[in-house]
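Structure first, commentary second.
In the numbering used here, the protein residues as written are 372 to 517.
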């Protein structure tokens with residue numbers, strides 16, 4: 372036989388569902404508050420860049436070696452943009468700025484990498500450090516036309 376539904380038995384699941392749905396936005400807000408921003412930075416590349424900057428005046432060849440070693444870790448990895456601990460830029464951009472700011476270091480960089488760049492271009496391969504290729508090629512073109 373068919374029994375009539377008790378009104379209390381229908382209201383209880385509806386009330387539970389309403390309470391559960393009203394708590395959902397609160398749970399989402401709490402999850403957003405607890406989320407920490409993550410930066411894909413490279414502490415080892417940061418250290419190499421800092422050491423390269425320290426070596427720039429006394430030993431430009433070593434500075435170039437350190438900067439290239441940093442680039443080999445990944446030119447698009449993030450490093451701090453100078454003294455601001457909350458601002459990050461791609462490693463290639465930071466190395467580019469360091470080289471542009473120091474003409475003697477840029478000249479050493481070109482001297483060290485131009486033969487390698489010329490050899491790679493002659494073989495039809497991409498430069499190992501494509502983000503810095505304009506810096507390398509500028510000197511190669513100038514010396515080739517002289």
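Ideal Cβ placement from N, Cα and C applies to all residues, glycine included.
{"Query": "Pairwise C-alpha distance: residue 471 and residue 437", "Result": "16 Å"}
{"Query": "Short Cβ contact (9 Å threshold) for residue 412 with residue 448", "Result": "yes"}
{"Query": "Continuous alpha helix (DSSP H) stretch holding residue 425: start and end", "Result": "414-426"}
{"Query": "Host alpha helix (DSSP H) of residue 436 (start-end)", "Result": "431-443"}
{"Query": "CB-CB length for residue 446 against residue 458, believed under 8 Å", "Result": "Contact flag wrong, Cβ pair sits at about 18 Å."}
{"Query": "9 Å Cβ cutoff met for residue 441 and residue 453", "Result": "no"}
{"Query": "DSSP state of residue 451 mapped onto helix, strand, coil", "Result": "strand"}
{"Query": "Selected residue, minimal CA-CA separation from residue 431, among 481, 486, 418", "Result": "481"}
{"Query": "C-alpha distance - residue 515 paired with residue 475, whole-angstrom precision", "Result": "Any answer about residue 515 is weak, because its pLDDT of 44 lies below 50 and its placement is not dependable; what the coordinates show is given next. Taking the straight line joining both Cα atoms gives about 20 Å."}
{"Query": "Nearest-angstrom Cβ-Cβ length linking residue 435 and residue 479, presumed shorter than 8 Å", "Result": "5 Å"}
{"Query": "Residue 457 (DSSP reduced to helix, strand or coil)", "Result": "strand"}
{"Query": "Residue 429 classed as buried or exposed, judged by whether at least 16 other C-beta atoms fall within 10 angstroms", "Result": "exposed"}
{"Query": "Whole-Å CB distance - residue 518 paired with residue 473, under 8 Å assumed", "Result": "Because the chain here runs from 372 to 517, residue 518 falls outside it and cannot be looked at."}
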